[in-house]
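A.B. asks: What follows is a single structure, and I will ask about it in a moment.
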Amino acid sequence: YIVYFVGCTQSKSTEQAMSPERKKAIEDSLRKIKEFEIQKYWSTAYEYYKNENYPEAKHYIWRVIKLDPEMRLAQKFHYRDIHARLANSYVHENKPDSVEFSYREGLKFFPDDAYLHENLGFILRRKNQSDESIEHYKKVAELEPEKSATYKILGDLYRRTRQNEQAIEAYEDYVQLVPDDRDAQETLTGLYRATGRGAEALQKKEELLVQHPDDTSLMFELAIAYFDQGNFSKSLSMFNRLIEKEPDNLDALDKMAQAYLNLEQYTRAVNIYKKILDLDSNNIDVICAVADVYRLQSNYTTARNWGRRAQRVSRNSGLAFITVGMVYQESAKNCSAEKGSFDFDDRLVYEMAYKEFQKGTRDPNYAERARRRMTGIESLLPTTEDRFMNTYSEPKNKCYSWIK
Numbered sequence: 041y042i043v044y045f046v047g048c049t050q051s052k053s054t055e056q057a058m059s060p061e062r063k064k065a066i067e068d069s070l071r072k073i074k075e076f077e078i079q080k081y082w083s084t085a086y087e088y089y090k091n092e093n094y095p096e097a098k099h100y101i102w103r104v105i106k107l108d109p110e111m112r113l114a115q116k117f118h119y120r121d122i123h124a125r126l127a128n129s130y131v132h133e134n135k136p137d138s139v140e141f142s143y144r145e146g147l148k149f150f151p152d153d154a155y156l157h158e159n160l161g162f163i164l165r166r167k168n169q170s171d172e173s174i175e176h177y178k179k180v181a182e183l184e185p186e187k188s189a190t191y192k193i194l195g196d197l198y199r200r201t202r203q204n205e206q207a208i209e210a211y212e213d214y215v216q217l218v219p220d221d222r223d224a225q226e227t228l229t230g231l232y233r234a235t236g237r238g239a240e241a242l243q244k245k246e247e248l249l250v251q252h253p254d255d256t257s258l259m260f261e262l263a264i265a266y267f268d269q270g271n272f273s274k275s276l277s278m279f280n281r282l283i284e285k286e287p288d289n290l291d292a293l294d295k296m297a298q299a300y301l302n303l304e305q306y307t308r309a310v311n312i313y314k315k316i317l318d319l320d321s322n323n324i325d326v327i328c329a330v331a332d333v334y335r336l337q338s339n340y341t342t343a344r345n346w347g348r349r350a351q352r353v354s355r356n357s358g359l360a361f362i363t364v365g366m367v368y369q370e371s372a373k374n375c376s377a378e379k380g381s382f383d384f385d386d387r388l389v390y391e392m393a394y395k396e397f398q399k400g401t402r403d404p405n406y407a408e409r410a411r412r413r414m415t416g417i418e419s420l421l422p423t424t425e426d427r428f429m430n431t432y433s434e435p436k437n438k439c440y441s442w443i444k
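Just so you know, the sequence shown maps onto residues 41 to 444 in this note's numbering.
Next comes the structure, spelled out in structure tokens:
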């Protein structure tokens, strides 16, 4: 260029004699030629890129970068995205290291480019370089605060690095922008629980139910949460709301019965159990649960009848035999307490309980439980001496009249 515009190399004296105007004219000419070359290469690169000829596009992109390594003319000639296009060209050539290099180079000159930060963050996230990835996504959130997906990604990265408090902040920002994302709400609730913020977890579920008033899964989760807190009245209120929509929800009905039991509302508990049996008449667990309710009320006749019903449903159910055995055991315990003494009649009833527990050992699912029950009352069984001194084999005391 210098030869073309100036001619042969000038002597030192000629150079010194050159006027400022002449120097400026030469510099302007050189600048215009450089800019012309940059425009030409960038235009050619863009055309190749647009037509998905990425190898050729990349070739001319590099020519532009070599002519303007500091990216001083990027704004003027609209190629601030040159590194992004270079990276995408390498993507199509399946050169991940070059893709990452291109994004990093771009950020040297355009540190506030959200696109470059986001894509570099994505690459680092895929490489499990979570800490550095977080920094880039934080920058994206700073530059584009309304972009909801960024906060969800940040939340996941913080969870991956066990930074739960930061994860909570990120997910709170996300659900504020996308309140209908149920999965994100659940994740945030889990994070609250994991950090010991149970009240906030519960509040989040309550807020979510306000947004989704017909969501029966949420109703069940809230009812269980209230149940676990010991707030059985509130739990029942939520369960009733659920049952209005799903009257055949057996899990909800079973938990409702348990809540009534905890409130010592035995009649209501039995009524709920009977609703379950209307839907599943051979449910041994529920039949035995009804027997237990009557046993707790000292209604031993009815309790035993329900236990026998369970035994008729399945002769192999260890639970059914244990249930009947517990009716006898509790009757003997209460009768001896009422009398203020322990006699042969009481031993005979404990023996009845023992025999039922013994039958329960045939069920491998309940064998250990049945054996523990047997061991617990062995010392209360009739001895040889008891049988020698008493010739009858059935209890005579009026306290045990229900057994006949």
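Using N, Cα and C, we set each Cβ at its ideal position, and we do this for glycine too. All values reported here derive from a predicted model rather than from experimental measurement.
Is it buried or exposed for SER173, if we count other Cβ within 10 angstroms and need 16 for buried?
C.D. replies: Against the sequence shown, residue 173 aligns to sequence position 133. Buried: at least 16 other Cβ atoms inside 10 Å.
A.B. asks: Does DSSP put LEU303 in a helix, a strand or coil?
C.D. replies: Here residue 303 refers to the residue found at position 263 of the sequence shown. Three-state DSSP puts LEU303 in coil, outside helix and strand.
A.B. asks: Return the chain-ordered list of same chain residues with a C-beta closer than 7 Å to the C-beta of VAL43, the five sequence neighbours on each side being excluded.
C.D. replies: Taking the sequence shown and counting its residues from 1, the one referred to as residue 43 is at position 3. Here the model assigns VAL43 a pLDDT of 41, short of 50, so the residue's position is not dependable, and the following value carries that caveat. For VAL43, where only same-chain residues beyond five positions count, there are no Cβ hits under 7 Å.
A.B. asks: Could you spell out the range, first to last residue, of the alpha helix (DSSP H) harbouring LYS72?
C.D. replies: The residue labelled residue 72 in the question sits at position 32 within the sequence shown. 60–90 is the extent of the alpha helix (DSSP H) around LYS72.
A.B. asks: CYS375 lies in the alpha helix (DSSP H); which residues open and close that run?
C.D. replies: Stepping through the sequence shown from its first residue, residue 375 is reached at position 335. Looking at the DSSP string, the run of the alpha helix (DSSP H) that includes CYS375 is 358–379.
A.B. asks: Hey, TYR340 and SER371 are a contact pair by Cβ (cut 8 Å); roughly how many whole angstroms apart?
C.D. replies: Your numbering for residue 340 matches position 300 in the sequence shown. Your numbering for residue 371 matches position 331 in the sequence shown. Indeed, because the Cβ distance is near 5 Å, the residues count as touching under 8 Å.
A.B. asks: Does the structure place the region 86–102 close enough to the region 57–68 that three or more beta carbon pairs sit under 8 Å?
C.D. replies: The region 57–68, when compared against the region 86–102, does not touch it at the 8 Å Cβ threshold.
A.B. asks: Among residues of its own chain, excluding the 5 on either side of GLU110, which ones have a beta-carbon nearer than 8 Å to its beta-carbon?
C.D. replies: By 1-based counting over the sequence shown, the position of residue 110 is 70. Same-chain partners within the cutoff: PHE149.
A.B. asks: Here's the rule I'm using: 16 or more other beta-carbon atoms within 10 Å means buried, otherwise exposed. How should VAL389 be labelled?
C.D. replies: Locating residue 389 in the sequence shown gives position 349, where the first residue counts as 1. Buried, because 16 or more other Cβ atoms sit within 10 Å of the Cβ of VAL389.
A.B. asks: Going by the CB atoms, is the gap between LEU197 and HIS176 shorter than 8 Å?
C.D. replies: Along the sequence shown, read from residue 1 onward, the residue named residue 176 stands at position 136. Along the sequence shown, read from residue 1 onward, the residue named residue 197 stands at position 157. No.
A.B. asks: Exposed or buried, PHE267, counting other C-beta atoms within 10 Å across all chains shown (16 or more means buried)?
C.D. replies: Along the sequence shown, read from residue 1 onward, the residue named residue 267 stands at position 227. Its Cβ being crowded by 16 or more others within 10 Å, PHE267 is buried.
A.B. asks: Pull up the distance between the alpha-carbon of GLN79 and that of ALA114, whole angstroms please.
C.D. replies: On the sequence shown, residue 79 is found 39 positions in, with the first residue counted as 1. On the sequence shown, residue 114 is found 74 positions in, with the first residue counted as 1. The straight-line gap from Cα to Cα measures roughly 10 Å.
A.B. asks: With a 10 Å radius around its C-beta and 16 neighbouring C-beta atoms as the bar for buried, classify ARG355 as buried or exposed.
C.D. replies: What you label residue 355 is simply residue 315 of the sequence shown in a count that begins at 1. Its Cβ having fewer than 16 others within 10 Å, ARG355 is exposed.
A.B. asks: Would you tell me roughly how many angstroms separate the C-alpha atoms of THR229 and GLU247, rounded to the nearest one?
C.D. replies: Taking the first residue of the sequence shown as position 1, residue 229 is located at position 189. Taking the first residue of the sequence shown as position 1, residue 247 is located at position 207. Going from the Cα of THR229 to the Cα of GLU247 covers about 11 Å.
A.B. asks: Measuring only the C-alpha atoms, how far is ASN437 from ARG349?
C.D. replies: Looking up residue 437 in the sequence shown gives position 397. Looking up residue 349 in the sequence shown gives position 309. If I take the Cα positions, the gap works out to 26 Å.
A.B. asks: Would the region 199–207 and the region 218–226 be scored as touching if the rule is three or more Cβ pairs under 8 Å?
C.D. replies: No, because fewer than three Cβ pairs between the region 199–207 and the region 218–226 fall closer than 8 Å, the two stretches do not touch.
A.B. asks: Just the Cα atoms here: how many angstroms apart are LYS135 and LYS179?
C.D. replies: The residue given as residue 135 occupies position 95 in the sequence shown. The residue given as residue 179 occupies position 139 in the sequence shown. Distance between the alpha carbons of LYS135 and LYS179: 25 Å.
A.B. asks: Mind reading off the beta-carbon distance from LEU183 to ASP152? Whole number of angstroms is fine, and I expect it under 8 Å.
C.D. replies: For the purposes of this step, residue 183 is identified with residue 143 of the sequence shown, where counting begins at 1. For the purposes of this step, residue 152 is identified with residue 112 of the sequence shown, where counting begins at 1. Confirmed, about 6 Å.
A.B. asks: Report all residues from its chain with a CB closer than 7 Å to the CB of TRP82; omit the five preceding and five following residues, and keep chain order.
C.D. replies: One-based indexing of the sequence shown puts residue 82 at position 42. Within the same chain, TRP82 has close Cβ partners VAL104, PHE117 and TYR119.
A.B. asks: VAL364 and GLU396 - do their beta-carbons sit closer together than 8 Å?
C.D. replies: As a working note, residue 396 is residue 356 in the sequence shown. As a working note, residue 364 is residue 324 in the sequence shown. Yes, Cβ-Cβ distance for GLU396 and VAL364 is below 8 Å.
A.B. asks: Looking at the unbroken alpha helix (DSSP H) that takes in ILE163, where does it start and where does it end?
C.D. replies: The residue given as residue 163 occupies position 123 in the sequence shown. Note, ILE163: alpha helix (DSSP H), 154–166.
A.B. asks: Report the three-state DSSP secondary structure of ILE42 (helix, strand or coil).
C.D. replies: For the purposes of this step, residue 42 is taken as the residue at position 2 of the sequence shown. With a pLDDT of 40 at ILE42, under the threshold of 50, the modelled position of that residue is not reliable, and no figure is offered here.
A.B. asks: Between ARG112 and LEU217, what straight-line distance do the alpha-carbon atoms span, to the nearest angstrom?
C.D. replies: Here residue 112 is taken as the residue at index 72 of the sequence shown, counted from 1. Here residue 217 is taken as the residue at index 177 of the sequence shown, counted from 1. Taking the straight line joining both Cα atoms gives about 38 Å.
A.B. asks: So THR401 is in the alpha helix (DSSP H); what residue range does that whole segment cover?
C.D. replies: One-based indexing of the sequence shown puts residue 401 at position 361. No alpha helix (DSSP H) contains THR401, which DSSP labels as neither H nor E.
A.B. asks: From which residue to which residue does the alpha helix (DSSP H) around SER188 run?
C.D. replies: Here the question's residue 188 lines up with position 148 in the sequence shown. Here the alpha helix (DSSP H) through SER188 covers 188–200.
A.B. asks: Quick one: give me the first and last residue of the alpha helix (DSSP H) that LYS106 is part of.
C.D. replies: Translated into the one-based positions of the sequence shown, residue 106 becomes position 66. Counting along the chain, the alpha helix (DSSP H) containing LYS106 begins and ends at 94–107.
A.B. asks: Expressed to the nearest angstrom, what Euclidean distance is found between the alpha-carbon atoms of PHE45 and VAL131?
C.D. replies: Walking along the sequence shown from the start, residue 45 turns up at place 5. Walking along the sequence shown from the start, residue 131 turns up at place 91. Confidence in PHE45 is poor, its pLDDT being 38 and thus under 50, which makes the residue's placement unreliable; the coordinate value appears in the next sentence. Rounded to the nearest angstrom, the two C-alpha atoms are 43 Å apart.
A.B. asks: Using the beta-carbon count (16 or more within 10 Å), is LEU262 buried or exposed?
C.D. replies: For the purposes of this step, residue 262 is taken as residue 222 along the sequence shown, with counting starting at 1. Its Cβ being crowded by 16 or more others within 10 Å, LEU262 is buried.
A.B. asks: Any idea what DSSP makes of MET429, helix, strand or coil?
C.D. replies: By one-based count along the sequence shown, residue 429 stands at place 389. Note: MET429 maps to helix in three-state DSSP.
A.B. asks: Is MET429 buried or exposed, if buried means 16 or more other CB atoms sit within 10 Å of its CB?
C.D. replies: Numbered from its first residue, the sequence shown carries residue 429 at position 389. Classification of MET429: exposed, given that the 10 Å Cβ count is below 16.
A.B. asks: How about VAL330 and VAL310: do their beta carbons lie closer than 8 Å?
C.D. replies: Counting from one through the sequence shown, the residue named residue 330 turns up at place 290. Counting from one through the sequence shown, the residue named residue 310 turns up at place 270. Yes; because the gap between Cβ atoms is below 8 Å, this pair is in contact.
A.B. asks: Taking the beta carbon of ASP447 as the centre, do at least 16 other beta carbons fall within 10 Å, making it buried, or is it exposed?
C.D. replies: Beyond the ends of the chain as shown, which are 41 and 444, falls residue 447; an answer cannot be given.
A.B. asks: Look at TYR394 and LEU421 and say whether their C-beta atoms are less than 8 Å apart.
C.D. replies: For this step, residue 394 is matched to residue 354 along the sequence shown. For this step, residue 421 is matched to residue 381 along the sequence shown. Cβ distance < 8 Å, so TYR394 and LEU421 count as in contact.
A.B. asks: Tell whether a beta-carbon distance below 8 Å holds between PHE384 and SER376.
C.D. replies: Numbered from 1 along the sequence shown, position 344 holds the residue referred to as residue 384. Numbered from 1 along the sequence shown, position 336 holds the residue referred to as residue 376. No, Cβ-Cβ distance for PHE384 and SER376 is not below 8 Å.
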